[in-house]
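Under our numbering, the first residue of the sequence shown carries the number 12, and numbering increases by one thereafter. Don't be surprised by glycine CBs; every beta carbon is placed ideally from N, CA and C. Here's the structure, in structure tokens; my notes come after.
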Amino acid sequence: MRDCCGKSAILESCARVCNHAFLLLVAAISIGMLAGNGYGQGCGVSTPLRLIDKHGQPVTNVTLDQLRAEVDGKPVKISSLEPATKPGVVVLVDVSSSMQKTWTHSITSARQFVEAAGDNVDLFAFNTGISAYAVGRSKSEELLDLLLQQGAPKPPNGTALYDALAEVAQRIKTHNAAIVVVSDGEDNMSHRTSDATASMFLSYSWPPVFALILDYEESQQRREYFKKIPARTGGLILYPSSPSKVPAAAKELADVILSPIIVRLDLPRPMTDSAKLRIDFLRDGKPSKEIKVLHAAGLTACVSHEPTPQ
12 MRDCCGKSAI
22 LESCARVCNH
32 AFLLLVAAIS
42 IGMLAGNGYG
52 QGCGVSTPLR
62 LIDKHGQPVT
72 NVTLDQLRAE
82 VDGKPVKISS
92 LEPATKPGVV
102 VLVDVSSSMQ
112 KTWTHSITSA
122 RQFVEAAGDN
132 VDLFAFNTGI
142 SAYAVGRSKS
152 EELLDLLLQQ
162 GAPKPPNGTA
172 LYDALAEVAQ
182 RIKTHNAAIV
192 VVSDGEDNMS
202 HRTSDATASM
212 FLSYSWPPVF
222 ALILDYEESQ
232 QRREYFKKIP
242 ARTGGLILYP
252 SSPSKVPAAA
262 KELADVILSP
272 IIVRLDLPRP
282 MTDSAKLRID
292 FLRDGKPSKE
302 IKVLHAAGLT
312 ACVSHEPTPQ
């Protein structure tokens, strides 16, 4: 059996990603079912969020009284707010033929994300499926070098963006992670829709999805469907309007990705079904658009139980 993690296999086509190959070596933050008191009177749940100002810069110096949370339209208490450790980053690069015009820009921006993430990074290339992957910074940089040398693929070649997202997300082993996509936003081959993909991310508490969309002429009409996924998972999309603006946009997005905050919510009673979540930034006690709050659109079930020692 050939080692799908080895250097010789780094550009081999893989219909399936090896389960043992993708383990982000980051400190996991428990996000999900945490006990409130152990007597069934409530439960606590932690979820990541990111705050950005009107200039697109991350904000981390907020206080509890500046945020307000609602679950299914009812106010809930925010009991704690603290910066998370640096998240693991999964870079997902579109290598389909529709990326021909932006090939160099996409590889260069993917390299920016790899460098910003440091050691806790994995890289996946996709078109009709996952076509190549690398684990860790050095292997990811090698893969990007090889992709740049190969050049963009020629048509016909399809794009299964939503399926690639789901395939990668289900193998992430830590909650403290983020996925960043470099693509034109096109999908013409996935078996699932963007709505179904977003619902899966919420149901399984998969990491937020961020994206750098390289489509300067806005020629890919289907990219409008893709934006539902970052919006509902707590991510963000940036659309640089020209090649000269790509490096700055990639840096701006990387800064946001690497600045998560963990907020703990105290719910008055256990949840057995998913629930809608809304968190607002407050100015003078009222919701303000001065700071944008990025967070998942929903919470999964939260059942009160005795906490497990961490």
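Residue i in three-state terms, based on DSSP
i	result
Ala-307	coil
Thr-71	coil
Val-267	helix
Val-106	coil
Ser-253	coil
Ala-163	coil
Arg-148	helix
Cys-29	Confidence in Cys-29 is poor, its pLDDT being 41 and thus under 50, which makes the residue's placement unreliable; the coordinate value appears in the next sentence. Three-state DSSP puts Cys-29 in coil, outside helix and strand.
Ala-171	coil
Asp-195	coil
Ala-39	Note that Ala-39 scores a pLDDT of 31, beneath 50, so its modelled location is shaky; the value from the coordinates is reported in the next line. Residue state, collapsed to three classes: coil.
Endpoints, beta strand (DSSP E) assigned at residue i
i	result
Pro-86	85-94
Lys-287	286-294
Glu-301	Unbroken run through Glu-301: none, as it is neither H nor E.
Asp-133	132-137
Asp-277	272-278
Arg-182	That residue, Arg-182, is in no beta strand (DSSP E); it is neither H nor E in DSSP.
Closest residue to residue i among the options (Cα-Cα distance)
i	options	result
Arg-275	Val-87, Ile-63, Gln-77 and Leu-62	Val-87
Ala-163	Ser-90, Ser-210 and Met-110	Met-110
Lys-150	Gly-140, Asp-130 and Ser-142	Asp-130
Ser-194	Cys-54, Ser-108 and Val-73	Ser-108
Arg-122	Ile-272, Pro-279, Asp-156 and Pro-251	Asp-156
Ala-209	Ala-95, Leu-62, Lys-238 and Ala-188	Lys-238
Tyr-227	Arg-294, Ser-299, Lys-112 and Tyr-144	Lys-112
Ser-117	Asp-291, Tyr-173 and Tyr-250	Tyr-250
Gly-53	Thr-283, Leu-269 and Tyr-236	Thr-283
Leu-154	Ala-136, Thr-170 and Pro-298	Ala-136
His-202	Ile-290, Leu-310, Ile-89 and Thr-139	Thr-139
Leu-60	Val-267, Trp-114 and Thr-311	Val-267
Val-179	Val-146, Gly-169 and Lys-85	Val-146
Ile-89	Ile-240, Arg-79 and Gly-196	Arg-79
Phe-124	Trp-114, Ser-142 and Arg-148	Arg-148
Counted within 10 angstroms of its Cβ, other Cβ atoms place residue i as buried (16 or more) or exposed
i	result
Ile-75	According to the sequence displayed, residue 75 carries Leu and not Ile. The residue in question, Leu-75, is exposed, as its Cβ has fewer than 16 Cβ neighbours within 10 Å.
His-306	buried
Pro-98	buried
Asp-133	buried
Pro-166	exposed
Pro-279	exposed
Leu-45	Low confidence applies here, because Leu-45 scores a pLDDT of 31, under 50, leaving its location unreliable; read the following figure in that light. Burial call: buried.
Asp-105	buried
Asp-295	exposed
Tyr-144	buried
Pro-94	exposed
His-66	exposed
Ala-259	exposed
Thr-244	buried
Gly-47	Note on Gly-47: pLDDT 36, under 50, position unreliable in the model; no value is reported.
Pro-218	buried
Ala-207	exposed
Gly-309	buried
Tyr-215	exposed
First through last residue of the alpha helix (DSSP H) which encompasses residue i
i	result
Arg-61	Note, Arg-61: premise wrong, no alpha helix (DSSP H); beta strand (DSSP E) at 54-63.
Ile-118	114-128
Problem set entry | Segments assigned alpha helix (DSSP H), at least 4 residues, entirely inside the region 198-250 | 205-214, 234-237 and 239-244
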